[in-house]
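The opening residue of the sequence shown carries number 15 in the numbering used here; numbering runs sequentially from there. Every residue, glycine too, gets a C-beta built ideally from N, C-alpha and C. Report on the following structure.
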Amino acid sequence: AESDISVAARVLGEFPEFLKEEQRAPNTLAELGKKTLQADANIIKLPNISASVSQLKAAIAELQGKGYALPDYPDQPKDDKEKDIKARYGKCIGSAVNPVLREGNSDRRAPAAVKNYARKNPHSMGEWSQASRSHVSHMHHGDFYHGEKSMTLDRAREVKMELITKSGKTIVLKPKVALLDREVIDSMFMSKKALLEFYEKEIEDARKTGVMFSLHVKATMMKVSHPIVFGHCVRIFYKDAFAKHAKTFDELGVNVNNGMVDLYSKIETLPQSQRDEIKRDLHACHENRPELAMVDSAKGITNFHSPNDIIVDASMPAMIRNSGKMWDANGRLKDVKAVMPESTFARIYQEIINFCKWHGAF
Numbered sequence: 015a016e017s018d019i020s021v022a023a024r025v026l027g028e029f030p031e032f033l034k035e036e037q038r039a040p041n042t043l044a045e046l047g048k049k050t051l052q053a054d055a056n057i058i059k060l061p062n063i064s065a066s067v068s069q070l071k072a073a074i075a076e077l078q079g080k081g082y083a084l085p086d087y088p089d090q091p092k093d094d095k096e097k098d099i100k101a102r103y104g105k106c107i108g109s110a111v112n113p114v115l116r117e118g119n120s121d122r123r124a125p126a127a128v129k130n131y132a133r134k135n136p137h138s139m140g141e142w143s144q145a146s147r148s149h150v151s152h153m154h155h156g157d158f159y160h161g162e163k164s165m166t167l168d169r170a171r172e173v174k175m176e177l178i179t180k181s182g183k184t185i186v187l188k189p190k191v192a193l194l195d196r197e198v199i200d201s202m203f204m205s206k207k208a209l210l211e212f213y214e215k216e217i218e219d220a221r222k223t224g225v226m227f228s229l230h231v232k233a234t235m236m237k238v239s240h241p242i243v244f245g246h247c248v249r250i251f252y253k254d255a256f257a258k259h260a261k262t263f264d265e266l267g268v269n270v271n272n273g274m275v276d277l278y279s280k281i282e283t284l285p286q287s288q289r290d291e292i293k294r295d296l297h298a299c300h301e302n303r304p305e306l307a308m309v310d311s312a313k314g315i316t317n318f319h320s321p322n323d324i325i326v327d328a329s330m331p332a333m334i335r336n337s338g339k340m341w342d343a344n345g346r347l348k349d350v351k352a353v354m355p356e357s358t359f360a361r362i363y364q365e366i367i368n369f370c371k372w373h374g375a376f
């Protein structure tokens, strides 16, 4: 039996009450969840999208255009009904499929046939030079790793998650989470102040040393925190333009946590002259900034275009296979500073770079 777990199918399965009888789709993720618990189930998962909010919105718009009366995605929910819609859409984004699959089976080995195919058809590997200036930069304090606390529960209990603000106000994030005996509960935080200082320092270091700048996060899996981490970098890089046009960006609801693509699509509604001025001011920021790595030089798509263009566990292996280089705006490969605020996985990539510089490509 085949089942469709695309973003469109996930959305249709989540909102049957908005659709006509003949438009309704089964909730394939729920069905998949039941299958994973059957000992005799064989599940083959084809590559599927780990969707960002901007891709989710595109899927909703496309379905609405085809006559499906789905609710709009509420960026800022105004009431409980909109909060509920946003939470339900939240189930369709990020790596929605993987947790379901892992529930029943954590065996993730590749079959021998797949391994043999990969051995016969390896990825191209660029030569490494000991003179490579490529490196990883990460935070040394104030990141999630340094702010992490975990405890093992003494018995089954219910906990709630609260945020106590600087002014002493308590915001309940989750009223009730049921936890099991001996379960581990883990919390962590990142300091915004430390993050912004880190970005300023690394951007300036890349400019001074003439190494290209690139940012690598995991915005699909860490779908709450990493888009925010990404957005702060974009705002600091284009600080002057954001300061000058703050009022306009606020009115338009520009949110660069979803990448520069969000800014460019939102300013489309402005008069041509104002659009041109904003673009000129953004380009002017590049005068005192390092060169920015490209995701697609031919289309002019930079590293800041969209957070899911630079998912670290895809973007870093690509860089390592490319002799530790990324593409510049003219389509040339150059050494690069790979910025990953989070020190947990950043250090692994630095270790790989050290290895390749000494021992050559894999």
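Beta-bridge pairing of residue i - partner residues as DSSP gives them
i    : result
R171 : L193
K339 : D349
S228 : A352
K163 : S201
V385 : Only positions 15 to 376 of the chain appear in the structure, and residue 385 is not among them; the question remains open.
Presumed contact (8 Å Cβ cut-off) between residue i and residue j, rounded CB distance
i    : j    : result
S148 : V309 : In fact, because the Cβ distance is near 17 Å, the residues do not count as touching under 8 Å.
K207 : P189 : That pair is no contact at about 30 Å.
L187 : L177 : 6 Å
D200 : S164 : 4 Å
I367 : R303 : The pair is not a contact, with the Cβ atoms about 23 Å apart (cut-off 8 Å).
S337 : E141 : 6 Å
M255 : C299 : The displayed chain sequence assigns Ala, not Met, to residue 255. Rounded, the Cβ-Cβ distance is 5 Å, consistent with contact.
A375 : M139 : 4 Å
P355 : L209 : 6 Å
R249 : V270 : 6 Å
A22  : A53  : The Cβ separation is near 31 Å, so there is no contact.
A307 : F227 : 7 Å
K280 : V268 : 5 Å
G108 : M235 : 6 Å
R24  : A83  : With a Cβ gap of about 17 Å, R24 and A83 do not count as contacting.
I19  : L46  : 7 Å
M340 : M333 : 6 Å
G161 : F212 : With 8 Å as the limit, G161 and F212 do not qualify as a contact, their Cβ atoms being about 14 Å apart.
S320 : N272 : 7 Å
F318 : F263 : That pair is no contact at about 15 Å.
Simplified DSSP state of residue i, which is helix, strand or coil
i    : result
H149 : strand
A124 : coil
V243 : helix
S357 : helix
M236 : coil
G108 : strand
A65  : strand
W142 : coil
G47  : helix
G27  : helix
L33  : coil
A82  : According to the sequence shown, residue 82 is Tyr rather than Ala. Coil.
P113 : helix
M275 : The question names Met, but residue 275 in the sequence shown is Val. DSSP places V275 in helix when its eight states are reduced to three.
L284 : coil
D93  : coil
H373 : helix
E16  : coil
R38  : coil
L377 : Only positions 15 to 376 of the chain appear in this structure, which leaves residue 377 out of reach.
A53  : coil
D157 : coil
V268 : coil
N368 : helix
Y363 : helix
Y213 : helix
N130 : helix
Y103 : helix
Check: residue i C-beta below 7 Å from any heavy atom of the ligand ADP
i    : result
V275 : With respect to the ligand ADP, the structure shown offers nothing to examine, as it has no ligands at all.
Item to check | Stretch-stretch touch, CB-based, cutoff 8 Å, three pairs: the region 305-324 with the region 240-247 | outcome: Yes: at least three Cβ pairs fall under 8 Å.
Next on the checklist: Whether or not the region 264-280 and the region 66-86 are in contact is what I'm after, with contact meaning three or more pairs of Cβ atoms, one per stretch, closer than 8 Å; do they touch?
Outcome noted: Touching, per the Cβ criterion.
Checklist entry - Should the region 26-45 be called in touch with the region 94-109, which here means at least 3 C-beta pairs below 8 Å? => result Contact between the region 26-45 and the region 94-109 is established, with three or more Cβ pairs separated by less than 8 Å.
Next on the checklist: Please give me, in chain order, every unbroken run of the beta strand (DSSP E) with length at least 3 that falls completely inside the region 290-338.
Outcome noted: Considered as a whole, the region 290-338 harbours 308-310 as its complete beta strand (DSSP E) runs of no fewer than 3 residues, in chain order.
Next on the checklist: Using a Cβ distance threshold of 8 Å, determine whether the region 78-97 contacts the region 336-352, with at least three qualifying pairs required.
Outcome noted: With a cut-off of 8 Å, the region 336-352 and the region 78-97 do not count as touching, because too few Cβ pairs lie within range.
Item to check | Three or more C-beta pairs below 8 Å linking the region 108-116 and the region 39-59 | outcome: Yes, the region 108-116 is in contact with the region 39-59.
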